[in-house]
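Inspection log for the structure reproduced underneath, given as structure tokens.
2 protein chains.
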Amino acid sequence: MPSPQKTNPPKKRSAIPRKKGPHKKLTREKILEAATKVFAEYPYHSASIRMIGKAAGIEHPLINYYFPTKALLFEEVLKISTEKYYIANISWFEGLTKFDPEKGLALYIDRFLDFALKHPKVQRIITLNLVPAEQSNIIPGYQLIQNFFEKTTRTFTQAVPLKGSKHEIVMLITSFNTLAVNYLGARTYYAGILGMEPGSHQYMEWVKDSLIYMILPRLKQLLGETDR
Amino acid sequence: MPSPQKTNPPKKRSAIPRKKGPHKKLTREKILEAATKVFAEYPYHSASIRMIGKAAGIEHPLINYYFPTKALLFEEVLKISTEKYYIANISWFEGLTKFDPEKGLALYIDRFLDFALKHPKVQRIITLNLVPAEQSNIIPGYQLIQNFFEKTTRTFTQAVPLKGSKHEIVMLITSFNTLAVNYLGARTYYAGILGMEPGSHQYMEWVKDSLIYMILPRLKQLLGETDR
DNA sequence: GTTATTTTTTACCGATCGTTAAAAATCTTA
DNA sequence: TAAGATTTTTAACGATCGGTAAAAAATAAC
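Sequences listed follow chains Z and X, in order. For the first sequence, the numbering used here begins at 1 and goes up steadily by one. For the second sequence, the numbering used here begins at 1001 and goes up steadily by one.
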């Protein structure tokens, strides 16, 4: 990365073009959309600026005009994705305390899976780049992923009144996140060993079953069932 | 991949060189060792033949002399790694039935973590390439990873007499594998969000605690405790 | 010790990568 | 419509990639 900076920032024409026509999407947004698509298919180091350019229907150097480096573009995509996820995650807890642990967990997972179906790219970008971000092979902005998980953990502890130790709560949430991120971000793999289709309703049901099966016992306990 | 084949296979001198000296390592083994190291640091598409050559202390085209393509070299490394893991995994079950579920699980995890500490590369190669092997971005020999997990599942069901349905058993084993693979293969990430050092005893203790915490309730149940 | 064979190195191919610079096209403003 | 600013394309740079071919070195066979 030898370049400091090249020209002044984009500075869109004059404020806003605003045509009455079918709201022609701004180039910057078009690039972000294409980048999200490509980064959801290929890990950071395998995705290329040229792929993104092609997906956006533009020549690839134009990307450098709006995003000086590939790393900055990726960070922007990651920031948008984790924020979208974070906001959605908060809403999944709404009204959950009215139900018993089993019903509440099932409802939470339903909402979560619904989001995952509608926004598969968000999930996959995180899954794809979480593991390789180790050692020598640094993924730009992977701190964002760590921050994201810390924030969702906070959301959880604030939304659900648990009685166990901090240690127990962290183990439970980390397990849930790990299982969820893998089952949804590596669908092809898991569906493969299960003999199912990655996009099938059957597989999503398996994910739901599995999450409930593994999480429910300890969740019940942490919610204060004293019958242990 | 345009090349069909170049020359006849290696065909080591005449059978075996066998010097009485300090057992000079054969080049092929040196390459495999270096490849294992590099593939444990970088996912398949980011690792390069040149990196492996450098790690082995040879010029990179020599690698093509022993392994015609990068894909074949990777498959060989993957095959050796999963086999080593598979063999070790069988031994972890020895004598476990003498103990109650809690002690037995703890002992199994101890043996497993001991292996993971001694052979971190094996674990990491699997973790690094499991997720990206989706969609367009094919990892050569990733069928080996699927087969490996199917085999370990068989080992488990044969070694441990469980009473639940097949569905329950699959969910439990898949969860265990997923958590273990992630916690050990993505140590830096998890240790990071936990505020620990990836190589520390403290982190390994957390992994053990977490696995027991999440697995034990359902394991107890499947082992036939009727007090549920 | 000479020849034949195997192993290793050197040099290079075409392809792709991220990025840069300059030309061309488009839009804004007058 | 002319001048100026902004956006987009074209062309190219240096670096790296997997792989190939031929020369060089090392070893084996005789």
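The beta-carbon is built from N, C-alpha and C at its ideal position, and this holds for glycine as well.
query = For the 8 Å Cβ check, are there 3 or more pairs between the region 70 to 88 of chain Z and the region 1078 to 1092 of chain X?
reply = Fewer than three Cβ pairs drawn from the region 70 to 88 of chain Z and the region 1078 to 1092 of chain X lie within less than 8 Å of each other, which leaves the two stretches out of contact.
task = Determine whether the Cβ of Pro1120 (chain X) lies closer than 8 Å to any Cβ atom of chain Z.
result = When Cβ-Cβ separations below 8 Å define contact, Pro1120 (chain X) makes no contact with chain Z.
message = In the DSSP assignment, the alpha helix (DSSP H) including Ile1145 (chain X) goes from what residue to what residue?
response = Element bounds for Ile1145 (chain X): Tyr1142 to Ala1159.
key: Straight-line gap, Ile1145 (chain X) to Leu26 (chain Z) (C-alpha atoms, nearest Å)   = Using only the alpha carbons, I get a separation of about 43 Å.
key: Inter-residue CB distance, Val231 (chain Z) and Ile125 (chain Z) (contact presumed, cutoff 8 Å)   = One cannot answer for residue 231 (chain Z) here, as it falls past the ends of chain Z, which runs 1 to 228.
request  = Have a look at Pro1132 (chain X) and Pro101 (chain Z) and give me their C-alpha separation to the nearest angstrom.
outcome  = Approximately 35 Å, taken between the alpha carbons.
message = Determine, for Pro244 (chain Z), whether the minimum Cβ-Cβ distance to residues of chain X falls below 8 Å.
response = In the structure displayed, chain Z extends from 1 to 228; residue 244 (chain Z) sits before or after that span and is not available.
inquiry  = Tell me the DSSP secondary structure of Ile215 (chain Z) in three-state form.
reply    = Of the three classes helix, strand and coil, the one that applies to Ile215 (chain Z) here is helix, per DSSP.
Cβ of His201 (chain Z) within 8 Å of any chain X Cβ = No, His201 (chain Z) lies away from the interface with chain X (no Cβ there is under 8 Å from its Cβ).
message = Between which residues of its own chain and Ile1109 (chain X) is the CB-CB distance below 6 Å, once the five residues before and five after are set aside?
response = Once the five neighbours on either side are set aside, the close Cβ partners of Ile1109 (chain X) are Lys1208 and Leu1211.
query = Going along the chain, which residues of the region 1174 to 1191 of chain X sit with their C-beta nearer than 8 Å to a C-beta in chain Z?
reply = Going along the region 1174 to 1191 of chain X in chain order, one finds Thr1174, Ser1175, Thr1178, Leu1179, Asn1182, Tyr1183, Gly1185, Ala1186, Arg1187, Thr1188, Tyr1189 and Tyr1190 with a Cβ nearer than 8 Å to chain Z.
ask   = According to the neighbour-count rule (16 or more other Cβ atoms, all chains shown, within 10 Å of its Cβ), is Glu1205 (chain X) buried or exposed?
value = If you draw a 10 Å sphere on the C-beta of Glu1205 (chain X), you find fewer than 16 other C-beta atoms in it, and that means exposed.
key: Expected contact under 8 Å - CB spacing of Leu105 (chain Z) and Leu184 (chain Z) to nearest Å   = Rounded to the nearest angstrom, the Cβ distance from Leu105 (chain Z) to Leu184 (chain Z) is 17 Å, too far for a contact under 8 Å.
query = Can you name the residues of chain X whose CB is closer than 7 Å to the CB of Glu75 (chain Z)?
reply = Within chain X, no residue comes near Glu75 (chain Z); the closest Cβ sits about 17 Å away, beyond 7 Å.
request  = Determine, using beta carbons only, whether Thr1152 (chain X) comes closer than 8 Å to chain Z.
outcome  = With 8 Å as the cut-off, Thr1152 (chain X) does not count as an interface residue toward chain Z.
query = Would you say Phe1149 (chain X) faces chain Z, with C-beta separation under 8 Å as the test?
reply = Residue contact check for Phe1149 (chain X) against chain Z: a CB pair falls below 8 Å.
request  = Flag this pair as yes or no: are the beta carbons of Phe149 (chain Z) and Asn177 (chain Z) separated by less than 8 Å?
outcome  = Taking 8 Å as the cut-off, the Cβ atoms of Phe149 (chain Z) and Asn177 (chain Z) count as close.
For Ser1046 (chain X), three-class secondary structure by DSSP = Residue state for Ser1046 (chain X) is assigned as coil, using DSSP reduced to three classes.
Neighbourhood of Pro1198 (chain X) by C-beta, 6 Å cutoff - its chain only, sequence neighbours within 5 removed = Same-chain partners within the cutoff: Arg1187, Thr1188 and Ala1191.
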